[in-house]
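**Student:** Take any residue in the sequence shown, count from 1 to its spot, add 280: that is its number in the working numbering.
Using N, Cα and C, we set each Cβ at its ideal position, and we do this for glycine too.
Quick caveat: nothing in here was measured; it's all calculated off a predicted structure.
Sharing a structure here in structure tokens format.
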Amino acid sequence: MSKKNNLDYERAVEIAPGIFWVGFYDKDSGLHCNPYLIVDNDEAVIIDGGSRPDFPTVVMKILQTGISVSSIKTLICQHSDPDVCGSIPDFEFIIEKDGLEILSREENNMFIRHYSVSSKMKSISGQNNTYTFSSGRTLKFIHTPYSHSNGSFVTFDSLSGVLFTSDLFGSYGQKWQLYLELDDHCRVCSCKHKCPSGVEICPMKDITRFHQKIMTSENALRYALDAIAGIPFNIIAPQHGSIISGIGNIATVFIHLYKQKNIGIDQFVKQGKKNTRTGMDLLLEREGENGNDPSA
Ligand SMILES: [Fe+2]
Ligand SMILES: [Fe+2]
Numbered sequence: 281m282s283k284k285n286n287l288d289y290e291r292a293v294e295i296a297p298g299i300f301w302v303g304f305y306d307k308d309s310g311l312h313c314n315p316y317l318i319v320d321n322d323e324a325v326i327i328d329g330g331s332r333p334d335f336p337t338v339v340m341k342i343l344q345t346g347i348s349v350s351s352i353k354t355l356i357c358q359h360s361d362p363d364v365c366g367s368i369p370d371f372e373f374i375i376e377k378d379g380l381e382i383l384s385r386e387e388n389n390m391f392i393r394h395y396s397v398s399s400k401m402k403s404i405s406g407q408n409n410t411y412t413f414s415s416g417r418t419l420k421f422i423h424t425p426y427s428h429s430n431g432s433f434v435t436f437d438s439l440s441g442v443l444f445t446s447d448l449f450g451s452y453g454q455k456w457q458l459y460l461e462l463d464d465h466c467r468v469c470s471c472k473h474k475c476p477s478g479v480e481i482c483p484m485k486d487i488t489r490f491h492q493k494i495m496t497s498e499n500a501l502r503y504a505l506d507a508i509a510g511i512p513f514n515i516i517a518p519q520h521g522s523i524i525s526g527i528g529n530i531a532t533v534f535i536h537l538y539k540q541k542n543i544g545i546d547q548f549v550k551q552g553k554k555n556t557r558t559g560m561d562l563l564l565e566r567e568g569e570n571g572n573d574p575s576a
């Protein structure tokens, strides 16, 4: 473990000036969440606030940063999953403020309202895909459709260079640390054989496997990677797995994800190609067997 990962995960961790990881490291779960807090003067924003069971830990860490919960103005939800939005009613309860806003895309808001939300819900497209703090600092939102939901987006803070990516660049595995650590050989490693550096659990393998399961298709993932590759970020802060920093590590992860095959529906569609009869063929056959009687 490097010095960078010699951290107390019981406390909030400042990943950039005024930006805190306020997540819950659950050793028993391979999939825990990374909510983030951005503090800008007396105004705070939460990104992907986390699930309902995690809420007590998340709020304790928010308070450890020294802010008051009433300074939280906005909850940004980068898609509508329960591990992102489940704690919205709890935030509403402790913040007790009329002005609290939930900010997402319309496609997500349609579902987020079912968490029994009482705050005002706003769409990022209604504010030119940006959020501006009262200081003038701006967050920019970039749509990454179907990576993994139709309303998924990422958030770029140009002041810090942090890109918050929700499930993109996430990971699932039994071994976790806040910052991803890769070796030089990881760039070209196929991750299929024993790690030449003797690493027991390959973090790159965990990342690619997560994307195979969570993302919808190769097309969707590549579209998202293309959409964000040109953004001048230097830290990727995902909602699961580890933070990726340093251009070498970032490029290595991008390369592996660009090469990844059999993502989401692709693995099923390719298997299905062996069967030359389509569902439509089968249906037409059934119709033929029953003649044209619509009640048959
Ligand atoms: Fe998700
Ligand atoms: Fe997630």
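Apply the 10 Å Cβ neighbour rule to P483 and answer buried if 16 or more other Cβ atoms are within range, or exposed otherwise.
**Tutor:** Your numbering for residue 483 matches position 203 in the sequence shown. It counts as buried.
**Student:** Give the list of continuous alpha helix (DSSP H) stretches no shorter than 4 residues that lie fully inside the region 386-471.
**Tutor:** Whole alpha helix (DSSP H) segments, 4+ residues: 386-392.
**Student:** Rounded C-beta distance between E498 and N430? I'm assuming under 8 angstroms.
**Tutor:** Position 218 of the sequence shown, counting from 1, holds the residue named residue 498. Position 150 of the sequence shown, counting from 1, holds the residue named residue 430. So it is not a contact: roughly 17 angstroms between Cβ atoms.
**Student:** Closer than 6 angstroms: is that where the CB of D361 sits relative to any heavy atom of ligand 1?
**Tutor:** Within the sequence shown, residue 361 is the residue found at index 81, counting from 1. Flag set: Cβ of D361 near ligand 1.
**Student:** Can you find a heavy atom of ligand 2 that lies under 6 angstroms from the Cβ of D447?
**Tutor:** By one-based count along the sequence shown, residue 447 stands at place 167. Answer for D447: yes, Cβ within range of ligand 2.
**Student:** Comparing C-alpha positions only, which one of G450, S477 and G559 sits nearest to L311?
**Tutor:** Translated into positions along the sequence shown, residue 311 becomes position 31. With distances taken between Cα atoms, L311 lies closest to G450.
**Student:** I need the straight-line Cα distance from E565 to D361, nearest angstrom please.
**Tutor:** Sequence index remark: in the sequence shown, residue 565 carries index 285 (1-based). Sequence index remark: in the sequence shown, residue 361 carries index 81 (1-based). Rounded to whole angstroms, E565 to D361 spans 40 angstroms at the Cα level.
**Student:** How long is the line joining the alpha carbons of K420 and N570, rounded to whole angstroms?
**Tutor:** Here residue 420 refers to the residue found at position 140 when the sequence shown is read from its first residue. Here residue 570 refers to the residue found at position 290 when the sequence shown is read from its first residue. Those two C-alpha atoms are separated by around 58 angstroms.
**Student:** Look at D463 and S477 and say whether their C-beta atoms are less than 7 angstroms apart.
**Tutor:** For this step, residue 463 is matched to residue 183 along the sequence shown. For this step, residue 477 is matched to residue 197 along the sequence shown. Yes, the pair counts as a contact, with Cβ atoms nearer than the cut-off.
**Student:** Cα separation between G453 and L563?
**Tutor:** Mapped onto the sequence shown, residue 453 falls at position 173. Mapped onto the sequence shown, residue 563 falls at position 283. So the two alpha carbons sit approximately 42 angstroms from each other.
**Student:** What residue does the alpha helix (DSSP H) around L537 start on, and which one ends it?
**Tutor:** Reading the sequence shown from its first residue, position 257 is the one you call residue 537. Start and end: I527 to K539.
**Student:** For P336, count the other beta carbons within 10 Å of its own beta carbon; 16 or more makes it buried, fewer makes it exposed. Which is it?
**Tutor:** The residue labelled residue 336 in the question sits at position 56 within the sequence shown. Exposed, since its Cβ has fewer than 16 Cβ neighbours within 10 Å.
**Student:** To the nearest angstrom, how far is the alpha carbon of I299 from that of L317?
**Tutor:** Position 19 of the sequence shown, counting from 1, holds the residue named residue 299. Position 37 of the sequence shown, counting from 1, holds the residue named residue 317. Those two C-alpha atoms are separated by around 6 angstroms.
**Student:** Going by DSSP, name the residue or residues bridged to F300.
**Tutor:** Locating residue 300 in the sequence shown gives position 20, where the first residue counts as 1. The partner list for F300 (beta bridge, DSSP) reads E294 and L317.
**Student:** Kindly indicate which residue of E461, R291, K485 and G379 has the alpha-carbon position closest to the one of G526.
**Tutor:** Walking along the sequence shown from the start, residue 526 turns up at place 246. Nearest option by C-alpha distance: E461.
**Student:** By DSSP, does L562 sit in helix, in strand, or in coil?
**Tutor:** The sequence position of residue 562 within the sequence shown is 282, counting from 1. Residue state, collapsed to three classes: helix.
**Student:** Would you say the beta carbon of Q519 is closer than 6 angstroms to some non-hydrogen atom of ligand 2?
**Tutor:** Here the question's residue 519 lines up with position 239 in the sequence shown. Yes, the Cβ of Q519 comes within 6 angstroms of a heavy atom of ligand 2.
**Student:** Along the alpha helix (DSSP H) that carries T337, what are the first and last residues, could you check?
**Tutor:** For the purposes of this step, residue 337 is taken as residue 57 along the sequence shown, with counting starting at 1. T337 -> alpha helix (DSSP H) spans F335 to Q344.
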